[in-house]
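Some notes on the structure that comes next.
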Amino acid sequence: MYLALHEMKKEKLRYGLVIGVILLVAYLIFILSALAQGLASQNTDAVNAWSSRSVILNKDANGNLAQSLLTKEQLADVNGGSLKYNQDLVGLAQGILKDGNARQSATFVGLQEQAKLKKKVTLSSGRWNDKAGEVVLSDQLKKQGFHLNQQVKMGLSDKKLTVVGFAKKSVYNMAPVVYGSLDDWSDIKGVTAGFVGSGIVSESKQSASGSNLQVLTKQELFNKMPGYSAQNQTFLFMIAFLIIISVVIVAIFLYILTMQKLENLAVLRAQGIPTSYLIWNTLGQTLLIMIIAVALAVGLAAATALVIPSAVPMSFDAGLITTTAVLLVLTGIIGAVIPMRIIAKIDPVSVIGG
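full-length UniProt numbering applies: residue 1 is where the sequence shown begins, and numbers increase by one.
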């Protein structure tokens with residue numbers, strides 16, 4: 001490591017440029033990871049807040065809870081029509097939240113009065129609705145000017161609803177959630193009285209005896225959301241390609257640096273310096289370069305998290321950044337394989353003599 005540090009100290013500009021390029025690639029990976037996680041949370045925050053593990057819905061809805069409609073007869077196929085202690089009947093309706101000239105796309109989630117998931121969702125202000133005609137809005141809507149005791153309308157209903165609270169992490173399929181009474185759901189969605197809700201969410205694995213019912217895990221429900229899987233796979237491929245590019249960049253830089261100092265390495269070999277020492281020196285130098293570059297990229301990402309506007313859906317998760325950082329350092333080791341092989345094959349006589 002002494003040789004690596006001495007060389008980097010002497011060639012500050014050269015190694016500074018190498019660190020700078022790797023820093024920018026790592027920073028881009030961190031930003032894309034945060035953006036991917038942030039956009040994913042815009043689809044899943046509400047369901048995650050419910051602590052649900054499975055959802056029972058109409059098979060004809062093709063896995064889209066907002067498009068599902070359950071009848072009284074279908075509800076009877078689930079535990080004989082009696083919901084268990086860890087189940088909730090919910091009604092979803094996608095529509096426009098209106099207040100005068102203000103318009104905002106939202107997802108209405110109708111709940112029974114004693115719904116268990118009310119204890120799971122955290123309120124930032126106000127209280128839960130006690131009766132029909134009262135709603136709890138997502139915090140996102142609060143930032144857009146909606147406030148407590150405001151009179152609003154939702155979807156196809158002309159009934160005025162009173163805002164009584166605001167809930168944290170309440171976003172479903174890229175739209176803020178409006179929690180209300182299940183009694184208001186049919187009017188807001190515009191369905192007949194024969195339908196009782198959209199689905200049943202449960203904290204445990206469930207089964208349904210009805211032939212027209214479908215049981216999905218939470219992840220299966222997410223994958224059925226329009227655009228969710230395509231979005232995640234796009235970001236995954238982008239991040240994977242960037243990691244591959246980082247491996248190539250590290251390999252190219254180390255290869256060039258190794259070839260430039262090949263004669264010096266040959267002299268050291270002729271003086272009796274073991275090949276293993278030179279290989280470990282290259283590996284140590286690679287680790288040092290990667291750790292410095294990735295650490296600076298993490299710092300830059302942390303600074304970005306402080307100044308990024310709240311409207312930008314980015315989520316900087318410490319666990320994800322740490323995992324990505326370790327992965328990037330490991331890719332640096334992979335990139336050092338070619339230079340280490342060159343060093344292992346150095347013939348002092350041919351290099352110096354040539």
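Cβ atoms here follow ideal geometry from the backbone N, Cα and C, with glycine treated the same way.
Look up residue i in the DSSP assignment and give the residues it is bridged to.
i: I200; result: I56 and L89
i: S310; result: S310 pairs with nothing; no bridge assigned.
i: N179; result: Here residue 179 turns out to be Tyr, not Asn, going by the sequence shown. Paired residue(s): V109 and V136.
i: L265; result: Paired residues: none, contrary to the question.
i: T282; result: In the DSSP output, where bridge partners are listed per residue, T282 has none listed.
i: V215; result: I56
i: R103; result: K98
i: P195; result: The sequence shown places Phe at residue 195, rather than the Pro named in the question. Bridge partners of F195: T71.
Within 9 Å of any Cβ in chain D, is that where the Cβ of residue i sits?
i: S33; result: Absent from the structure: chain D. Only one protein chain is present.
State the Cα-Cα distance for the pair residue i and residue j, rounded to the nearest angstrom.
i: Y255; j: V201; result: 56 Å
i: G126; j: L92; result: 22 Å
i: N86; j: Q140; result: 28 Å
i: I273; j: V267; result: 9 Å
i: K153; j: A76; result: 32 Å
i: V25; j: L17; result: 13 Å
i: M340; j: L283; result: 8 Å
i: K118; j: N223; result: 25 Å
i: I96; j: E220; result: 27 Å
i: V178; j: F235; result: 29 Å
i: A193; j: D130; result: 22 Å
i: G190; j: T324; result: 47 Å
i: G110; j: V136; result: 10 Å
i: D60; j: N232; result: 25 Å
i: F241; j: S157; result: 48 Å
i: A301; j: Q214; result: 42 Å
i: A303; j: E11; result: 29 Å
May I ask you to report which of helix, strand or coil DSSP gives residue i?
i: K169; result: coil
i: V78; result: coil
i: R127; result: coil
i: K98; result: strand
i: K345; result: coil
i: F241; result: helix
i: L221; result: helix
i: Q114; result: coil
i: Q144; result: coil
i: L161; result: strand
i: M154; result: strand
i: D184; result: helix
i: G299; result: helix
i: D45; result: helix
i: P339; result: helix
i: I37; result: The residue you asked about is not Ile; residue 37 is Gln in the sequence shown. Reduced to three states, the DSSP call for Q37 is helix.
i: L83; result: coil
Can you list, in chain order, the residues of its chain whose CB lies under 6 Å from that of residue i, leaving out five sequence neighbours each side?
i: Q42; result: V171, M174 and P313
i: I333; result: none
i: E134; result: T162 and V164
Sorted by chain position, which residues of the same chain lie with C-beta nearer than 7 Å to residue i's C-beta, five sequence neighbours on each side aside?
i: residue 355; result: Residue 355 cannot be examined here, being either before or after the span of the chain that is shown, 1 to 354.
i: G199; result: V55, I56, L57, L65, S68, L70 and V90
i: E203; result: S51, S52, R53 and N86
i: K120; result: A49, W50 and S51
Could you pull out every residue in the same chain whose Cβ sits closer than 8 Å to the Cβ of residue i, ignoring the five residues on either side in sequence?
i: V329; result: L287, M290, I291 and V294
i: D45; result: K169, S170, V171 and Y172
i: K160; result: G133, Q151, V152 and K153
Counting pairs of Cβ atoms below 8 Å between the segment 26-33 and the segment 295-309, do you hit three or more?
-> Touching, yes.
Does the count of Cβ pairs from the segment 249-265 and the segment 321-341 closer than 8 Å reach three?
-> Yes: the two stretches touch, three or more of their Cβ pairs being nearer than 8 Å.
Do the segment 121-138 and the segment 153-167 meet, that is, are 3 or more Cβ pairs less than 8 Å apart?
-> Three or more pairs of CB atoms, one per stretch, sit closer than 8 Å, so the segment 121-138 contacts the segment 153-167.
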